[in-house]
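Engineer: For what it's worth, the working numbering labels the leading residue of the sequence shown as 5, then goes sequentially.
Positions of the beta carbon are idealized from the N, C-alpha and C atoms, including for glycine.
Pasting in a structure now, in structure tokens, and then I'll have a few things to ask.
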Amino acid sequence: MAFSGDPSNAVQDEQGRRDDEDGVSDQSEPNTSPWSSFINTRLGSNTPRSRQSSPGHSPRIGPTRFSSSDRFSDSQYETSFSGLGSLWGRKQHLKAKQRAKRKFGKKRLKGLVAVIVLLGLFLLFNWIMLSRLQDHGVDSRAKSPGNSTSSSASVSISIRKEWRKFNKGRKPQKGNYGRMLAMAAHALAEGQNKAEPKDLWQEPFVPASSWKPCADQHSWEPNEGKNGYVLVTANGGMNQQRVAVCNAVVVAHLLNSTLVVPKFLYSSVWRDVSQFSDIYQEDYFINYLTPDIRIVKELPVELRSLDLKAIGSLVTDEDIPKEAKPSFYLKYILPILLKNGVVHFLGFGNRLAFDPIPFHLQRLRCRCNFYALQFVPKIQETGALLLQRLRQNESYPGLLDHYLVGSYAKAITKENQSRRKKASRYLALHLRFEIDMVAHSLCEFGGGDEERRELQAYREIHFPALTLLMKTTKLPSPQALRSEGLCPLTPEEAVLMLAALGFNRKTSIFVAGSQIYGGRSRLIALTSLYPKLVTKENLLTSTELEPFMNFSSQLI
5 MAFSGDPSNA
15 VQDEQGRRDD
25 EDGVSDQSEP
35 NTSPWSSFIN
45 TRLGSNTPRS
55 RQSSPGHSPR
65 IGPTRFSSSD
75 RFSDSQYETS
85 FSGLGSLWGR
95 KQHLKAKQRA
105 KRKFGKKRLK
115 GLVAVIVLLG
125 LFLLFNWIML
135 SRLQDHGVDS
145 RAKSPGNSTS
155 SSASVSISIR
165 KEWRKFNKGR
175 KPQKGNYGRM
185 LAMAAHALAE
195 GQNKAEPKDL
205 WQEPFVPASS
215 WKPCADQHSW
225 EPNEGKNGYV
235 LVTANGGMNQ
245 QRVAVCNAVV
255 VAHLLNSTLV
265 VPKFLYSSVW
275 RDVSQFSDIY
285 QEDYFINYLT
295 PDIRIVKELP
305 VELRSLDLKA
315 IGSLVTDEDI
325 PKEAKPSFYL
335 KYILPILLKN
345 GVVHFLGFGN
355 RLAFDPIPFH
365 LQRLRCRCNF
375 YALQFVPKIQ
385 ETGALLLQRL
395 RQNESYPGLL
405 DHYLVGSYAK
415 AITKENQSRR
425 KKASRYLALH
435 LRFEIDMVAH
445 SLCEFGGGDE
455 ERRELQAYRE
465 IHFPALTLLM
475 KTTKLPSPQA
485 LRSEGLCPLT
495 PEEAVLMLAA
505 LGFNRKTSIF
515 VAGSQIYGGR
525 SRLIALTSLY
535 PKLVTKENLL
545 TSTELEPFMN
555 FSSQLI
């Protein structure tokens, strides 16, 4: 800028310009607060804001625009580097912790495996030592007096020896059956030196002890048999056939008909061709029941040539409900009998009710069973031998001896009169665990796939109707049948039941029936726990058994 004139004027002009600028500044902030006046007074300045803003009068202590920018840049870089460092440190720390965890987990797993191995070795060692102690050390301890476990040890040793003897090359008992045998052995060992329960051999139903036989009496009029003839061809074994015969007697009396002496179906299961007269005294049967019904040995000649199936007189078990009431026969069978003069019941297994039934009909059934059906002499004689050898110390006959063996009951008394009089009791046990019962039950008995194939093959041959039913109908599973108690008792279950009832090892047991399914090895469960168990094969000689070979229905 060029200045002209007096320099003082120039100074004044410059001062005026500054005053104008100050005035502008003062105008921009016309309302100065008391605090500003106070501060200006303290600083001794008339124009505080111009002096504050002047670098010459009031130098700035704080950072300049450039210095602050540089500082901010430096602090930014420092913050970035420190953030990266802390992030890197955290990652390294996490990795170290993970490595430590993995290392600890591996050590823990190795320690756990080592503990399991040591525990397994410990249990194996204990099992080996206990087995050796039981096999070699228990015998000597069992003989020591005052030992409370001596009976248990002796029972266990005898069972083990018998199993080893009869089960060489066979799979050992396992599962439920093995546990049942162990339970039975333990129960018998505990009760070895204890007396049997006082009521064990008594009738559990007290009023029954006062009952007296009355079936030999009757108060009804004799049956004339005018309505026709009743034929019966019974199936099954001896027990089923016996029931069918007595049911036929009752039905013949009910229908006022004449009964033809029953016949027996040949069974592929029993393979016995025996007929009524081979087992029972035919003439005695006819004569004893004469006051009740009319009985003949054969159909009249004029009826023998009839096709009973064609005329509707053949009645099978499929036509009659099981345990049918007397009213069923009066409603459905009597019309056929009156129309054709003859009715043929084929099978007739359990086709008459037991209860409810009129008293006079039940008494007639008892007359047939306990009085009219007498075994032929050869069966009575052999039966007397069995009773005599079972009752080694008994000199008096049993209540049923006369009905079972007839006049041979006297021989039992005479033979035992020389022996000391001591009550000798035995338990007769009919297991009914033959293959036909096992197969027909549709149950399983622990034999696995081999057992299932064997029983299914047996059903296809001997029970074709049941096989067809299995294919067309959904039947209960073996597990469901067992849970409902519909399976025959196995020898193992029978042993457990006898032990639970209180029969001790000294009990004499006669096992009736035919061959047990599974053979002799299956019967070892009974013989090992009850040493006094016998069968007819044990009591009779081969010569005494010879007349009954291939005739299982004659001597069960």
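1. What are the residues that DSSP puts in a beta bridge with residue 540?
2. With DSSP run on the structure shown, which of helix, strand or coil describes residue 222?
3. Name, in chain order, the residues that DSSP records as bridge partners for residue 3.
4. Out of 535, 516, 523 and 532, state which residue places its alpha-carbon closest to the alpha-carbon of residue 558.
5. Is residue 281 near the ligand GTP, in the sense that its beta carbon is under 6 Å from a heavy atom of that ligand?
6. May I have the straight-line CA-CA distance separating residue 227 from residue 257, to the nearest angstrom?
7. Could you check whether residue 204 and residue 506 sit closer than 7 Å to each other, using their CB atoms as the reference points?
8. Looking at residue 495 and residue 526, is the spacing between their C-beta atoms short of 7 Å?
9. Is there a Cβ from chain B that is less than 7 Å from the Cβ of residue 133?
10. If residue 369 and residue 218 are in contact, beta carbons under 8 Å, what's the gap, nearest whole angstrom?
11. Just the C-alpha distance for residue 190 and residue 116, rounded to the nearest angstrom, thanks.
12. Apart from the five residues on each side of it in sequence, which residues of its chain come closer than 7 Å, Cβ to Cβ, to residue 302?
13. Short check: CB of residue 428 to CB of residue 384, under 7 Å?
14. When the Cα of residue 348 is compared with those of 488, 483, 184 and 308, which residue comes out closest?
15. Sort out for me which residues DSSP pairs residue 348 with in a bridge.
16. Let me check one thing: in DSSP terms, what residues is residue 262 bridge-paired to?
17. Spell out a yes or no on whether the stretch 469-477 and the stretch 540-554 are touching, meaning 3 or more CB-CB pairs, one atom from each, closer than 8 Å.
18. Taking only the alpha-carbon atoms, compute the straight-line gap between residue 39 and residue 94 and give it to the nearest angstrom.
19. Determine, using beta-carbon pairs with one atom in the stretch 279-297 and one in the stretch 374-392, whether at least three such pairs fall under 8 Å.
20. Specify the secondary structure class of residue 44 as computed by DSSP and reduced to three states.
21. From the DSSP output, in three-state form, read off residue 521 for me.
22. Within the stretch 457-498, note down every full alpha helix (DSSP H) run reaching 4 residues or more, in order along the chain.
23. So residue 441 is in the alpha helix (DSSP H); what residue range does that whole segment cover?
24. Indicate the three-state DSSP secondary structure (helix, strand or coil) for residue 284 in the structure shown.
25. Helix, strand or coil for residue 343 per DSSP?
26. Buried or exposed, going by whether 16 or more other CB atoms sit within 10 Å of the CB of residue 386?
27. Does residue 126 come out as helix, strand or coil in the three-state DSSP assignment?
28. Just verifying my parser: in three-state terms, what is the DSSP assignment at residue 216?
29. Quick check on residue 362: buried or exposed, where buried means 16 or more other Cβ atoms within 10 Å of its Cβ?
30. Out of 133, 350 and 393, which has the shortest C-alpha to C-alpha gap to residue 240?
31. Using 8 Å as the Cβ pair cut-off and three pairs as the minimum, do the stretch 336-346 and the stretch 312-323 touch?
32. For residue 448, which residues in the same chain have their Cβ closer than 6 Å to its Cβ, ignoring the five residues on either side in sequence?
33. Skipping 5 residues on each side, what residues in its chain have a beta carbon closer than 7 Å to that of residue 333?
34. My understanding is that residue 442 touches residue 492, with C-beta atoms under 8 Å, so please give their C-beta distance in whole angstroms.
35. Return the chain-ordered list of same chain residues with a C-beta closer than 6 Å to the C-beta of residue 407, the five sequence neighbours on each side being excluded.
36. Hey, how far is the Cα of residue 188 from the Cα of residue 490?
Structural biologist: According to the structure data:
1. The residue you call residue 540 lines up with position 536 of the sequence shown. Looking at the DSSP output, residue 540 bridges to nothing.
2. Locating residue 222 in the sequence shown gives position 218, counting from the first residue. Coil at residue 222, not helix or strand.
3. Nothing in the structure corresponds to residue 3, since the chain is present only between 5 and 560.
4. Position 554 of the sequence shown, counted from the first residue, corresponds to residue 558. Of the listed residues, the one whose Cα sits closest to residue 558 is 516.
5. What this structure holds is no ligand at all, so the ligand GTP is not there to describe.
6. In the sequence shown, counting from the first residue as 1, residue 227 sits at position 223. In the sequence shown, counting from the first residue as 1, residue 257 sits at position 253. Rounded to the nearest angstrom, the two C-alpha atoms are 6 Å apart.
7. Taking the first residue of the sequence shown as 1, we reach residue 506 at position 502. Taking the first residue of the sequence shown as 1, we reach residue 204 at position 200. Judged by beta-carbon spacing, residue 204 lies within the 7 Å limit of residue 506, meaning their Cβ atoms are closer than that value.
8. Locating residue 526 in the sequence shown gives position 522, counting from the first residue. Locating residue 495 in the sequence shown gives position 491, counting from the first residue. Against a cut-off of 7 Å, the Cβ pair of residue 495 and residue 526 comes out as a contact.
9. Annotation note: the requested chain B is absent from the structure, which comprises a single protein chain.
10. By one-based count along the sequence shown, residue 369 stands at place 365. By one-based count along the sequence shown, residue 218 stands at place 214. Not quite, the Cβ-Cβ distance comes to about 13 Å (not below 8 Å), so this is no contact.
11. If you number the sequence shown from 1, residue 190 lands on position 186. If you number the sequence shown from 1, residue 116 lands on position 112. Near 38 Å, if we compare the C-alpha coordinates of residue 116 and residue 190.
12. As a first step, residue 302 must be located in the sequence shown, where it is residue number 298. Only residues of its own chain outside the window of five on either side were considered, and among them 264 have a CB closer than 7 Å to the CB of residue 302, listed in chain order.
13. If you number the sequence shown from 1, residue 428 lands on position 424. If you number the sequence shown from 1, residue 384 lands on position 380. No, Cβ-Cβ distance for residue 428 and residue 384 is not below 7 Å.
14. For this step, residue 348 is matched to residue 344 along the sequence shown. Looking from the CA of residue 348, the closest CA among 488, 483, 184 and 308 belongs to 308.
15. As a working note, residue 348 is residue 344 in the sequence shown. Looking at the DSSP output, residue 348 shares a beta bridge with 235 and 318.
16. Taking the first residue of the sequence shown as 1, we reach residue 262 at position 258. Residue pairing of residue 262 in beta bridges, as defined by DSSP: 233 and 298.
17. Segments in contact, no.
18. The count along the sequence shown starts at 1 and reaches residue 39 at position 35. The count along the sequence shown starts at 1 and reaches residue 94 at position 90. Confidence at residue 39 is low in this model, with a pLDDT of 42, below 50, so the placement of that residue should be treated as unreliable; the coordinate-derived value is given next. Going by the C-alpha atoms only, they are around 53 Å apart.
19. Because the criterion of three Cβ pairs below 8 Å is met, the stretch 279-297 and the stretch 374-392 touch.
20. In the sequence shown, counting from the first residue as 1, residue 44 sits at position 40. The predicted position of residue 44 is uncertain, since its pLDDT is 47 and thus under 50; a value taken from the coordinates is nonetheless stated next. In the structure shown, residue 44 sits in a helix (DSSP, three-state: H, G or I).
21. Here residue 521 corresponds to residue number 517 of the sequence shown, with the count starting at 1. Coil.
22. 468-476 and 482-487, all fully within the stretch 457-498.
23. Locating residue 441 in the sequence shown gives position 437, where the first residue counts as 1. Counted as a single uninterrupted DSSP element, the alpha helix (DSSP H) harbouring residue 441 occupies residues 439-445.
24. The residue you call residue 284 lines up with position 280 of the sequence shown. Here residue 284 sits in strand by DSSP.
25. Indexing the sequence shown from 1 puts residue 343 at position 339. Secondary structure of residue 343 (DSSP, three-state): helix.
26. Taking the sequence shown and counting its residues from 1, one reaches residue 386 at position 382. Buried, because 16 or more other Cβ atoms sit within 10 Å of the Cβ of residue 386.
27. Taking the first residue of the sequence shown as 1, we reach residue 126 at position 122. Helix at residue 126.
28. By 1-based counting over the sequence shown, the position of residue 216 is 212. Residue 216: coil per DSSP, three-state reduction.
29. Counting from 1 along the sequence shown, the entry for residue 362 is found at position 358. Under the 10 Å beta carbon count, residue 362 is surrounded by fewer than 16 other beta carbons and is classified as exposed.
30. Position 236 of the sequence shown, counted from the start, is the residue given in the question as residue 240. Per the C-alpha coordinates, the member of 133, 350 and 393 positioned closest to residue 240 is 350.
31. Contact holds: three or more Cβ-Cβ distances are below 8 Å.
32. Within the sequence shown, numbered from 1, the residue matching residue 448 stands at position 444. Here residue 448 has 482 as same chain residues with Cβ atoms under 6 Å from its own Cβ, once five neighbours each way along the sequence are excluded.
33. One-based indexing of the sequence shown puts residue 333 at position 329. Excluding positions up to five away in sequence, the list reads 255, 258 and 259.
34. As a first step, residue 442 is located in the sequence shown; it is residue number 438 there, counting from the start. As a first step, residue 492 is located in the sequence shown; it is residue number 488 there, counting from the start. Separation of the CB atoms of residue 442 and residue 492 is rounded to 7 Å, and the pair is thereby assigned contact status at 8 Å.
35. To locate residue 407, count along the sequence shown from 1; it is residue 403. Counting only Cβ-Cβ distances below 6 Å, and skipping sequence neighbours, we find 374.
36. As a working mapping, residue 188 is identified with position 184 in the sequence shown. As a working mapping, residue 490 is identified with position 486 in the sequence shown. Taking the straight line joining both Cα atoms gives about 22 Å.
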